[in-house]
Structure formats: structure tokens, C-alpha cells
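Read in order, the letters of the sequence shown are residues 1 to 361 in full-length UniProt numbering.
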Amino acid sequence: MKTCVLFCPTDTWGGVEKNVLLRANFLTKKGYTVYVVILKHMFEEKFLEFPKIKIINVNSRGGDINMFVVMNYVKILKKIKPDIVFSALKKDWFLVSLSARIARVPRILLYLGIYRKIKNNIKYKFVFNILKPKVIVNSNSLKNHLLKTTSFFNSSNLFRIYNGFELPLLDGEKLDLNKKFNLPDNTIFVGCAGRLSPMKGFDLLPKILKNLPDNIHVIVAGEGKYEEQIKNEINKSKEAKRIHFLGHLSNIHLFFRSIDLFLLCSRKEGMANVLNEALSHGLPSISTKVSGSEELLGYGKYGILTEVEDTEAMAKGILQIINKEVVFDKNDLRKWIKDSFSMKLMETKTEELFFSDLKKL
Numbered sequence: 001m002k003t004c005v006l007f008c009p010t011d012t013w014g015g016v017e018k019n020v021l022l023r024a025n026f027l028t029k030k031g032y033t034v035y036v037v038i039l040k041h042m043f044e045e046k047f048l049e050f051p052k053i054k055i056i057n058v059n060s061r062g063g064d065i066n067m068f069v070v071m072n073y074v075k076i077l078k079k080i081k082p083d084i085v086f087s088a089l090k091k092d093w094f095l096v097s098l099s100a101r102i103a104r105v106p107r108i109l110l111y112l113g114i115y116r117k118i119k120n121n122i123k124y125k126f127v128f129n130i131l132k133p134k135v136i137v138n139s140n141s142l143k144n145h146l147l148k149t150t151s152f153f154n155s156s157n158l159f160r161i162y163n164g165f166e167l168p169l170l171d172g173e174k175l176d177l178n179k180k181f182n183l184p185d186n187t188i189f190v191g192c193a194g195r196l197s198p199m200k201g202f203d204l205l206p207k208i209l210k211n212l213p214d215n216i217h218v219i220v221a222g223e224g225k226y227e228e229q230i231k232n233e234i235n236k237s238k239e240a241k242r243i244h245f246l247g248h249l250s251n252i253h254l255f256f257r258s259i260d261l262f263l264l265c266s267r268k269e270g271m272a273n274v275l276n277e278a279l280s281h282g283l284p285s286i287s288t289k290v291s292g293s294e295e296l297l298g299y300g301k302y303g304i305l306t307e308v309e310d311t312e313a314m315a316k317g318i319l320q321i322i323n324k325e326v327v328f329d330k331n332d333l334r335k336w337i338k339d340s341f342s343m344k345l346m347e348t349k350t351e352e353l354f355f356s357d358l359k360k361l
């Protein structure tokens, strides 16, 4: 059976890293041999319940000219002799592609999950004109952006595979948010979720709530290195008492079953996994027009879209949903996710791109 090596040497755990784990897991279930390269002492516990995934720890991810990292990667790849290497993060593209070509790996795949500038410099000319990897993106908007802004890409080396999700059960255990935060029964809960960082727009929540009735509260699920900074900024506002943080949840379904609607207030995103999860739970949702969100919401058919940082529009969207001025049927939302963004679709297209003849794709 064929073998692949997935490179993900990062110190941050987010949507890209979760998708590496998802891909690695389903490929092992299909019978492929899968290695994942991660930084030593970083996130190995995430893979413990998947014993078929073989973990390789490295001490450093290195910069672009770190030949010690290249030598180590080449050594790893020559020993394993994989059919394909996959680099999940743009920072590692050069080192992984170069190492794979030196080790004579037949196929190189790179991943880009968020808008990034691909400079027309010597490094990227070497990567795409000489090393010739293929690139996976997770939305049509990102694919079209790359095709328009750089000459490196075309239909033969750029592929779109949506992030995939399984439809969760709607019935099940919930969080008692009223009891947890000592709030009255008429409280309406707007959910936000994701890594606590400036790009997620959580600092905008006070301005959004300022335009909403007092019984509307925001529940935030997630953590991150900017958590203290974001909380300090929010605590300066009088709306802080209406914003509640749950921290990391090992079972995110508890969160989605406990809120009334979902808000994605990000300044920048890839294909937001949390928005997909909200729709898969049948939740009416509001999102800024970040990469992928327009596709996920069917350009307004399956959710309300606003401009980035338009707090008044986000507040208006929340009120429209609460007052039932705009209604999204939960069964329609779930069917949309099942038909267009299912785990099965992602798995099938990933397996084809990893191991099939590219000429047939």
C-alpha cells in the first residue's frame, strides 16, 4: 500500500492542523501508511487516540535557508520512501518541496487555507517552476484569488477541496448557560468560536452588543495566546458583562446545541470550520465576508453576510434572525452541508489528489 508524509511542524493548533489530523486519520482507515511530522513537544497528544498514524518529531521547522532542516527532512524521506509529501503550512513550502525533490518523492502537495500573498520572487519561482508541486486550497474564492494575482498557478497545479464535516446529532447533552452565568430565562445566546486572536474580531463584540437589547449575550468558545489581551480590551467596555468566555471545549457539540444563533465576526479567515459546524447543527448564522464564508452561506441563501468590521450590520443581522424577519430552516442548512461540504466529499477528493493519476482529475 502507498505511503504519505504530512508535514505540520507548528506551535499553533487551529483549523489547518485539525484538517491534517482528519486527513491522516481517514487515510489510515483506507489502508495507507501515514506519517505526520510535528514539532517536538507540540500537540503529540492530539494524535494519541489514532495509533495507526505514525508521528515523527523534529526539533525545529527552520527558516528558508536552514540546510540542517533540509538534510534532516531528506534523511527522513529517503528512509520512508513515500509516494507523496504534503505540506500544510505556507512557511514550510520551500523546505519541504526542496527536501522532497532531493529525496525523489514522486508527488508534492502544498496546502493554503487562507489568503496569503505569493511574491513573485526567486524563492517562489524556484518552488513552482523548478520543484513543481501541486497546491490545494479550501475555497473557490481563494482559488480564483491565486489565479488572478500570480502567474504560478493554473488548472493543472491548483485544486480546490472543501473542508469536510459529518452532520452531528441535534439531540444530546447541552450546557446550562443560564445557570453557569446566572442569567434569566429570556436570555438569547449568540455563539462565537475560534482561536482567540485579533484576526477573529472578538474585540468588536462590545460594539456589536451596544446596538442590541440587554437580554442578548455572547458566548465565546476557544482559547489562544491573545486571550488576556482580548479580554482586557473587552473589559474596558460596559458591555463586558454580556460577553462570556467558556475557554477550550473538548466537545464542541455541547456549545452549538446550547446557543440560539452563531456569529463569525472575523477580519480574516480561510474556510471557517466553525461556520461549517454551526450550519451542520442547523443554526442560523451571520458572517463577515471573509474567504470562503460567502460560499459556505450560499452567497446569502443560507445565512446573513456583512462587510468586515461592520458592527452595525452584524447587530442588524442578529436582530433580523431573533425577530424572525429572516428565517433559515435548520433542515435546509444541514442538507446544504451534507450535499456540498461533507466529510465523504473531502475524503474522496483528497484520496484522488494524493494517489490517483493527476491527468484524470
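Note that CB positions come from ideal geometry on N, CA and C, so glycine has one too.
- Taking the Cα of L112 as reference, the smallest distance to any Cα among C8, E44, D171 and K52 is reached at C8.
- In the structure shown, the three-state DSSP call for Y35 is strand.
- Secondary structure at V69: helix, using DSSP grouped into helix, strand and coil.
- Every unbroken stretch of the alpha helix (DSSP H) spanning 4 or more residues and falling wholly within the UniProt domain "Glycosyl transferase family 1" (177-336) is given here in chain order: 177-180, 205-210, 227-234, 252-258, 273-280, 293-296 and 311-322.
- Collapsing the DSSP output to three states places N138 in coil.
- Here L261 is actually not in contact with N276; their C-beta atoms are around 15 Å apart, not less than 8 Å.
- Relative to M271, the option among N19, K180, W13 and T350 whose CA is nearest is N19.
- Linking E269 to I216 through their CA atoms gives a straight-line distance of about 25 Å.
- DSSP places K29 in the uninterrupted alpha helix (DSSP H) bounded by G15 to K29.
- Secondary structure of I53 (DSSP, three-state): coil.
- DSSP places F341 in the coil class of the three-state scheme, outside both helix and strand.
- In the DSSP annotation of this structure, the continuous segment of the alpha helix (DSSP H) that includes Y124 starts and ends at I122 to K125.
- Straight-line spacing of the CA atoms in L22 and P106 works out to 23 Å.
- S99: member of the alpha helix (DSSP H) spanning W93 to I102, first to last residue.
- Note that the C-beta distance between V290 and S258 is not below 7 Å.
- Rounded to whole angstroms, the separation of the alpha carbons of E228 and A240 is 14 Å.
- For Y111, the enclosing beta strand (DSSP E) starts and ends at R107 to L112.
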